[in-house]
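Chemist: For the sequence shown, the positions run -6 to 433 when the numbering used here is used. Let me give you the structure first, and then I'll get to my questions.
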Amino acid sequence: MYDPLKSRDIPAFHEFGIASYWAAVTPFPDTNAVALPSDADVVVIGAGYTGLNAAIEIAQQQQRSVVLLDAGGVGAGASSRNAGFLLPGTGRLGYSDYASKYGDEVARAVQNEFAASIEHVKASVADSDWPCELIDARYLRLGHNAKAAAMLQRQQPAYANTLLNAEWLSPEQQHEQLPGLKWKHGGLALTPAAAVNPRALTGAYLRLAQRAGVTIVTGHPVTKWIPSMGKHRLIAGGHEIKCDQVLVCSNGYLPQQPFPDLSRRQFPVLSSILVSRPLNAAEQQYCGLKVNDLVMDTRTLKYYYRLLPDGRILFGGRGAVEGRHADDAGQKLRMEKALAATFPELTDLHADYFWSGWISVALDSMPRVFSPAIGVYTSAGYCGAGVAFASLAGKRLAQYCNGEGVPDLPFYQSGLPRYPFASARRLALRAMYSFDKFKK
Ligand SMILES: Cc1cc2nc3c(=O)[nH]c(=O)nc-3n(C[C@H](O)[C@H](O)[C@H](O)COP(=O)(O)OP(=O)(O)OC[C@H]3O[C@@H](n4cnc5c(N)ncnc54)[C@H](O)[C@@H]3O)c2cc1C
């Protein structure tokens, strides 16, 4: 599999052959991609949630000409292969982290922006008329031990006075609702949240982009960026395009070139998903998962799971360290074992589908919308939680590059910090995974 830390460039059509459940079951609109034009007001690199939303805003609200480019097809990156949890959050920081660093008022405003990101997705889906299997859901953060659950319980009052609702589930309530789950320590049920088919959501944004008049070009990796006299020249798929502004929306798929500084400001990490066979009615009753429950537990290396509308379990967690091992049989086996450990009474739950994708981890666990160079803008670092937030961040990015006001929040006020020892990122990750294995 393509590896952003090993490759200088991203290959054209890199996603072809990905065996995801979503690719197998989801109809997708015709992309109607065209040849690369020679100029545009704005070029957006990366046609995932961020890039699609940025391009829609630029074409529709700002009435500027915009070319949306991708090395693969539309949604070639994480956007078509994630778990479809629309979460009231992003990055890895919770309410108390924001409150202790920036104060309660900012922390509340941050939570409200997260709630707004879910509303943004819902409004876009309604506007697109493209079916996305979008349903309101609860986001269940469940403690895997008593200490972790107590910490979650302590966080609950802080959600008062925000647009988020946090309900404490006692161990008894949790056991009643999810009898099959190994841990019975309780946790928080957060709303608003929603479950979606992530590939269909990409399709919905594609339809909106087409309607707004965005020019879409696929199979064109951007390999060179040449700033020249207030303009930008980009070489993509061997052709050149000139523009006034460049928006880099490549998140965890960003290769080492042509933006090496940006590449050192994030850490591409693999997340993997397996989808089981459909559970029968008795198994579904035993495990207790519902299609509108999105579960994440508090294990150091988190696992996330949901019941799909056709009765299968989608189960995700950390992937391999390097792209070349993403599809190894050992990776699939590790996930099957983790699923079995989570629902010990369910047997023969092998992976009917197994795949991986790159997420972008920010050094300080907080994503950013910022300008790394004159005329260049980016949004990245969602740390594996970007279905809702990346969608809104794309719109914010477009507002930001057009000099419009964006909310006065920490992720819109500074750049992603650089990793001090960028070349050691993988070593540290390997050590962390080994330590976790050793603890068990
Ligand atoms: C397995 C997995 C499960 C996840 N589950 C969830 C979840 O349930 N909930 C949640 O909130 N988040 C989840 N995420 C994270 C979420 O999918 C991402 O945060 C989000 O999709 C990021 O969208 P994006 O548009 O910024 O980037 P991406 O969708 O990754 O798109 C980046 C695009 O940039 C293109 N690109 C890169 N470099 C170039 C170049 N040089 N030239 C041209 N094109 C280029 C790539 O081809 C790619 O299409 C998950 C991620 C993974 C991998």
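Each residue gets a CB set at the ideal place from its N, CA and C atoms; glycine is no exception. Just so we're clear, the structure is a prediction, and the values are computed from it rather than from any experiment.
Along the chain, where does the beta strand (DSSP E) that runs through Q54 open and close?
Modeler: Looking at the DSSP string, Q54 is not in any beta strand (DSSP E), and its letter there is neither H nor E.
Chemist: Let me check understanding here. Comparing Cα to Cα, which of G408, A274 and A383 lies closest to L255?
Modeler: It is G408 whose Cα lies nearest to the Cα of L255.
Chemist: DSSP state of P271, grouped into three classes?
Modeler: strand
Chemist: So which of F404, A334 and W348 has the shortest CA-CA distance to D357?
Modeler: F404
Chemist: Which of helix, strand or coil does DSSP assign to N154?
Modeler: coil
Chemist: Tell me whether the segment 0 to 15 and the segment 343 to 363 touch, counting them as touching only if at least three CB pairs, one residue from each stretch, are closer than 8 Å.
Modeler: yes
Chemist: Measuring only the C-alpha atoms, how far is Q148 from Y88?
Modeler: 8 Å
Chemist: Taking buried to mean at least 16 other C-beta atoms within 10 Å of its own C-beta, is V27 buried or exposed?
Modeler: exposed
Chemist: Closest to A334 by CA distance: which of K175, V314 and R57 is it?
Modeler: K175
Chemist: Using 8 Å as the threshold, is the C-beta distance between I49 and R57 below it?
Modeler: In this structure, R57 does not lie closer than 8 Å to I49 by Cβ.
Chemist: Could you name the residues that DSSP lists as bridge partners for T371?
Modeler: V241 and F363
Chemist: Please identify the residue among T371, G368, I3 and K235 whose C-alpha is closest to the C-alpha of P30.
Modeler: K235
Chemist: Are the CB atoms of R361 and G374 within a distance shorter than 8 Å?
Modeler: yes
Chemist: Does DSSP put G408 in a helix, in a strand, or in coil?
Modeler: Here G408 carries a coil assignment [DSSP, helix/strand/coil].
Chemist: Bridge partners of T208, per DSSP?
Modeler: V60
Chemist: Which value, in whole angstroms, describes the spacing of the CA atoms of D129 and L247?
Modeler: If you draw a straight line from the Cα of D129 to the Cα of L247, it comes to about 32 Å.
Chemist: Suppose you measure from the CA of S117 to the CA of L79; what does that come to, to the nearest Å?
Modeler: 13 Å
Chemist: Just the C-alpha distance for L272 and I306, rounded to the nearest angstrom, thanks.
Modeler: 8 Å
Chemist: Assign F428 to one of two classes, buried (16 or more other C-beta atoms within 10 Å of its C-beta) or exposed (fewer than that).
Modeler: Per the 10 Å Cβ criterion, exposed.
Chemist: For my contact list, P436 and Y132 are in at a C-beta cut-off of 8 Å; report their separation, rounded to the angstrom.
Modeler: Outside the shown range of the chain (-6 to 433) lies residue 436, about which nothing can therefore be said.
Chemist: Since R305 sits in a beta bridge, which residues does DSSP pair it with?
Modeler: P271
Chemist: Is any heavy atom of ligand 1 found at a distance shorter than 7 Å from the C-beta of V380?
Modeler: Yes, Cβ of V380 sits closer than 7 Å to a heavy atom of ligand 1.
Chemist: Taking 8 Å as the CB-CB cut-off, is H213 touching chain B?
Modeler: This model lacks chain B altogether, as it is built from one protein chain only.
Chemist: Starting from A17, follow its DSSP beta bridges and name the residues at the other end.
Modeler: DSSP, once it has assigned bridges, lists no residue as partnering A17.
Chemist: Helix, strand or coil for K217, going by three-state DSSP, please let me know.
Modeler: strand
Chemist: Would you grab the beta carbon distance between G173 and F336 for me? Rounded to a whole angstrom, and I think it's under 8 Å.
Modeler: 5 Å
Chemist: Report yes if the CB atom of Q249 is closer than 8 Å to the CB atom of N25, and no otherwise.
Modeler: no
Chemist: Check whether the segment 64 to 79 touches the segment 37 to 45, counting contact only when three or more Cβ pairs, one atom from each stretch, lie closer than 8 Å.
Modeler: yes
Chemist: With a threshold of 6 Å on Cβ separation, who are the neighbours of A383 within its own chain once the five nearest residues in sequence on each side are excluded?
Modeler: So the list reads Y42, T43 and Y375, once near-sequence residues are dropped.
Chemist: Mind checking which residues open and close the alpha helix (DSSP H) that includes T83?
Modeler: Note, T83: premise wrong, no alpha helix (DSSP H); not H, not E.
Chemist: Within 10 angstroms of its Cβ, does K94 collect 16 or more other Cβ (buried), or is it exposed?
Modeler: exposed
Chemist: Please determine whether the Cβ atom of C394 lies at a distance below 7 Å from any heavy atom of ligand 1.
Modeler: no
Chemist: Just mark A274 as buried or exposed, buried being the case when its beta carbon has 16 or more other beta carbons within 10 Å.
Modeler: exposed
Chemist: State buried or exposed for P(-3), treating a residue as buried only when at least 16 other CB atoms are found within 10 Å of its CB.
Modeler: buried
Chemist: Mind checking whether the beta-carbon of I3 lies closer than 7 Å to any heavy atom of ligand 1?
Modeler: yes
Chemist: Can you say whether D290 is buried or exposed, counting buried as having 16 or more other CB atoms within 10 angstroms of its CB?
Modeler: buried
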